[in-house]
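Chains as they are written, first to last, in the working numbering: chain A, 42 to 129; chain B, 42 to 129; chain C, 42 to 129; chain D, 42 to 129; chain E, 42 to 129. These notes concern the structure reproduced below.
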Amino acid sequence: MTIGLVSGTVAAAHKDETLRGVTLLVVQELDLLLSPTGIGLIAADCVGAGRGDLVMLTKGTAALHTEQTAGRPIDAAVVAIVDKIEID
Amino acid sequence: MTIGLVSGTVAAAHKDETLRGVTLLVVQELDLLLSPTGIGLIAADCVGAGRGDLVMLTKGTAALHTEQTAGRPIDAAVVAIVDKIEID
Amino acid sequence: MTIGLVSGTVAAAHKDETLRGVTLLVVQELDLLLSPTGIGLIAADCVGAGRGDLVMLTKGTAALHTEQTAGRPIDAAVVAIVDKIEID
Amino acid sequence: MTIGLVSGTVAAAHKDETLRGVTLLVVQELDLLLSPTGIGLIAADCVGAGRGDLVMLTKGTAALHTEQTAGRPIDAAVVAIVDKIEID
Amino acid sequence: MTIGLVSGTVAAAHKDETLRGVTLLVVQELDLLLSPTGIGLIAADCVGAGRGDLVMLTKGTAALHTEQTAGRPIDAAVVAIVDKIEID
């Protein structure tokens, strides 16, 4: 999993039927020093995260293993809101 | 998922049988500032997208979870047309 | 999927049993301007492609969804010969 | 698989139900010279690893093939503590 | 698949139960000119490869499709010893 910052939302009226009811969040991935990295992703919300939240992001097939994402064309999911990261 | 711009089409008369009937779009991935990034992809269209459309792209195994892609050798799918992205 | 150029072949007498009968092609991935990118791959041929052919490449789990690749340890497959790419 | 160094822990009270009971470790991936590489990951612990341990990391779908990770939204797992790497 | 050079071995007494009996090889990935690339991987051996062998590496879910890897937390497998690569 990776660390990300919820930085926005995306609106898409015209989408695959299987995506209806899914909350989509714009997430900026961060490195361990919490600096932005990567190109930015759209992820399904599984935990009620909102803008400004530090979150944990699961990508790939594993992102389908939640109640909100199972069987949908979703390759990234916000699976936790991070309270604290302790790094040596 | 990532944001992309539909920038063209691809014609391939000689292809795997399982790809017949699939609309293939050339998609340029974009970062959150909508600048081009990556090498460019070919994705299956699931939403009737056309050139110039800003779209949402699902990659990997999850791209197989649509009516148009199930059971086919397809690793990227256009699953939504993006109306608006709001970023802090 | 990505665009690639078939640029060679690979011979391997000693291989996993499940790979017998598979034609392996060396493929150089290309960006949308058809410039070489990436480190070069070996992909299973599903369409009778040969050296110099511009092809479409499927990677990951989806590469297993062809008659030639199903159930084998193959993570990339040539699934079409590209006739024409039109880009804006 | 890749080599990593366990460099911290992450606390997340608010997480997907399926993640309860999983120990999450912050892992810094290393190259073969044991220099840090990549952006840093969070991985599920399968072997009782702790801070400072050199570990082997499995990513993607394969990370789900352990007792601790099966069926969960987990895309990276610590599957071994490395005693020695011998490189030519 | 990619080309790699077997460059070492790794010892790990403390590992996930499902990894027992698997031979782990340190593999340095190579580009088509056989120059080292990437950060170095650990892969399961399926063909009796040894140090100095040029090999073919399968990554991701497909790496699970061999007798030695099925059902294990393994994301990379050595599936062939390469005899010859011919590139234009």
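Positions of the beta carbon are idealized from the N, C-alpha and C atoms, including for glycine.
From residue i to residue j, what distance separates their C-alpha atoms?
i, j, result
"Thr59(E)", "Lys125(B)", "47 Å"
"Ala111(D)", "Ala53(C)", "35 Å"
"Gly89(E)", "Arg61(C)", "17 Å"
"Leu71(B)", "Gly93(A)", "22 Å"
"Ala84(C)", "Leu73(B)", "32 Å"
"His106(A)", "Met42(C)", "24 Å"
"Val123(B)", "Val51(A)", "7 Å"
"Val28(B)", "Glu108(C)", "Past the edges of chain B, shown from 42 to 129, lies residue 28(B), and the structure says nothing about it."
"Val119(E)", "Ile128(B)", "44 Å"
"Ile9(A)", "Ile80(B)", "Here chain A covers residues 42 to 129 and nothing more, so residue 9(A) does not appear."
"Asp57(A)", "Thr78(D)", "37 Å"
"Arg113(B)", "Arg113(E)", "26 Å"
"Gly161(A)", "Ala117(B)", "Nothing about residue 161(A) can be read from this structure; chain A reaches only from 42 to 129."
"Gln132(A)", "Gln69(C)", "Because chain A spans 42 through 129 in this model, residue 132(A) falls outside it and cannot be assessed."
For residue i, tell me which candidate among the options has the shortest Cα-Cα distance.
i, options, result
"Ser25(A)", "Arg92(A), Thr50(A), Gly45(A)", "What is shown of chain A runs 42 to 129, which leaves residue 25(A) out entirely."
"Ile115(D)", "Leu71(D), Val123(D), Asp86(D)", "Asp86(D)"
"Gly49(E)", "Leu71(E), Asp57(E), His55(E), Leu82(E)", "Leu82(E)"
"Leu98(C)", "His55(C), Ala121(C), Gln109(C)", "Ala121(C)"
"His55(D)", "Val96(A), Gln69(A), His55(A)", "Val96(A)"
Could you give the DSSP three-state label for residue i: helix, strand or coil?
i, result
"Leu95(D)", "strand"
"Glu108(A)", "coil"
"Ala53(B)", "coil"
"Gly89(B)", "coil"
"Gly45(A)", "strand"
"Leu75(B)", "coil"
For the pair the segment 99-111 of chain B and the segment 60-70 of chain C, tell me if three or more CB-CB distances fall below 8 Å. no
Residues of the segment 101-125 of chain C with Cβ closer than 7 Å to any Cβ of chain B, in chain order: Gly101, Thr102, Ala103, Ala104, His106, Thr107, Ala118, Val120, Ala121, Ile122, Val123, Asp124, Lys125
What residues from the segment 62-73 of chain C come within 9 Å of chain B, judged by C-beta to C-beta, listed N to C? Glu70, Leu71, Asp72, Leu73
Could you please tell me which residues of the segment 75-88 of chain B, in chain order, have their CB closer than 7 Å to any CB of chain A? Within the segment 75-88 of chain B, the qualifying residues are Thr78, Cys87, Val88.
Give the residues from the segment 50-61 of chain D that approach chain A closer than 7 Å (Cβ to any Cβ), ordered along the chain. Listed by position along the chain: Thr50, Val51, Ala52, Ala53, Ala54, His55, Lys56, Asp57, Thr59, Leu60.
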